[in-house]
Amino acid sequence: MLRFLLILAVSVSFAGGALPALARDASVVRAELLMGQKARLHKMSKSVCYLIAGADRALLSKAANTAAEGFDEALMTLQEGGGAADLPPEADPDMQAALRDLYRQSRGVILSARQIVAGDLHHVPMTLFLEGGPDTEARLTALENNALPALVSGAEQGISFAAFRALQDQSARLQALLRDTCLLQVGLLSAAGKAQFLASFELFETELTALRDGAARRGIPAPPNVSARVLLDKIATFWAKARPTLVAATQGQPIEMRALQKASIFADLMDKSFAKAKGHYWGG
0 MLRFLLILAV
10 SVSFAGGALP
20 ALARDASVVR
30 AELLMGQKAR
40 LHKMSKSVCY
50 LIAGADRALL
60 SKAANTAAEG
70 FDEALMTLQE
80 GGGAADLPPE
90 ADPDMQAALR
100 DLYRQSRGVI
110 LSARQIVAGD
120 LHHVPMTLFL
130 EGGPDTEARL
140 TALENNALPA
150 LVSGAEQGIS
160 FAAFRALQDQ
170 SARLQALLRD
180 TCLLQVGLLS
190 AAGKAQFLAS
200 FELFETELTA
210 LRDGAARRGI
220 PAPPNVSARV
230 LLDKIATFWA
240 KARPTLVAAT
250 QGQPIEMRAL
260 QKASIFADLM
270 DKSFAKAKGH
280 YWGG
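So for the sequence shown, numbering that gives the first Met the number 0 puts the first residue at 0; every next one is plus one.
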């Protein structure tokens, strides 16, 4: 049964969270690609940690490599254009320079993850993987904060961008929580990482409430229709199933691999619902 759920979760992860057909504006597609990079990065690092901890090698190797490929493909599309939406190349020289810088910085993380997946647990790839991830995430955050206002300036009417970004952030935050739960169990989470883990746990619950009830001051409406409400309720249900494992991790309790895998499955199912929910905040 657990293996069936693992296969389901991995196939869900591969399906991704493409924008609905209604969102055709290039600036919006670029925003979605850029914001999705954290979730791809965290999915990759989560899968790598689960491999280190002894989880199913065949499934987790595929998940890690697929997330790494998705990260590279999205970054290439942001720079050179193309992709499913047939984007034009990035025209702004400052943005091009920032994307090239991100590419150079992220190479160490991606390549070390691939080495670990292949069975190389030596000091160099492990160090690059553990220390490079936070640096890549910080660069992504800076790039988002600087670029997103311009990226969405031409977005279609009817978009609730605050809600869209909250949903995307929740997806990335959730994957990071599962990754850090694993790193904590194998003794590889730093003191700073533990503090971030606790803060992210609280923020995830706060943001889930904001999305389910609305947060007018932040521009997040209540769910715009029944379908969006159902999806957010489904996320809350899955979260309730995964939460005890994460709570145990925050309390320093040892967690069995089976429990870690089940929590990861619920996270990937939540990720699918987050991706679907985004489509309901685009005026369609």
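Quick reminder that beta carbons are idealized off the backbone N, C-alpha and C, glycines included.
Please read all numbers here as calculations on a predicted model, not as lab measurements.
Pick from 79, 136 and 67: whose alpha carbon is nearest that of residue 109?
-> 67
Would you kindly work out how many angstroms separate the C-alpha atoms of residue 277 and residue 228, rounded to a whole number?
-> 12 Å
What number of angstroms, rounded off, separates the C-alpha of residue 269 from the C-alpha of residue 90?
-> 35 Å
Name the residue from 207, 181, 56 and 220 whose alpha carbon lies nearest to the alpha carbon of residue 117.
-> 56
Among 26, 24, 30 and 25, the one whose alpha carbon lies nearest that of residue 167 | 30
Where does residue 219 sit, in a helix, a strand or coil, going by DSSP?
-> strand
Within the same chain, show all residues whose beta-carbon is closer than 7 Å to that of residue 200, passing over the 5 residues directly before and after it, in chain order.
-> 176, 245 and 249
With C-beta atoms as the reference, is residue 112 less than 7 Å away from residue 185?
-> no
Could you name the residues that DSSP lists as bridge partners for residue 86?
-> 81
In whole angstroms, what is the alpha-carbon distance linking residue 280 and residue 122?
-> 45 Å
Output yes or no for whether 7 Å exceeds the beta carbon distance between residue 37 and residue 139.
-> yes
Identified DSSP bridge partners for residue 214 = 219
Run of the alpha helix (DSSP H) containing residue 290, from where it starts to where it stops = Since the first residue of the chain shown is 0 and the last is 283, residue 290 is not available in this structure.
Proximal residues to residue 98 (C-beta, below 6 Å), its chain only, five neighbours per side dropped = 77 and 78
Can you name, in chain order, every residue of its own chain whose Cβ lies under 8 Å from the Cβ of residue 224, other than the five neighbours on each side?
-> 279
Buried or exposed: where does residue 252 fall if 16 or more other Cβ atoms within 10 Å of its Cβ makes it buried?
-> exposed
Residue from 230, 132, 126 and 49 whose Cα sits closest to the Cα of residue 274 = 230
Span of the alpha helix (DSSP H), counted from its first residue to its last, around residue 229 | 225–249
Is it right to say residue 107 is buried, meaning 16 or more other beta carbons lie within 10 angstroms of its own, or is it exposed?
-> buried
Cβ pair residue 217, residue 161 closer than 7 Å = yes
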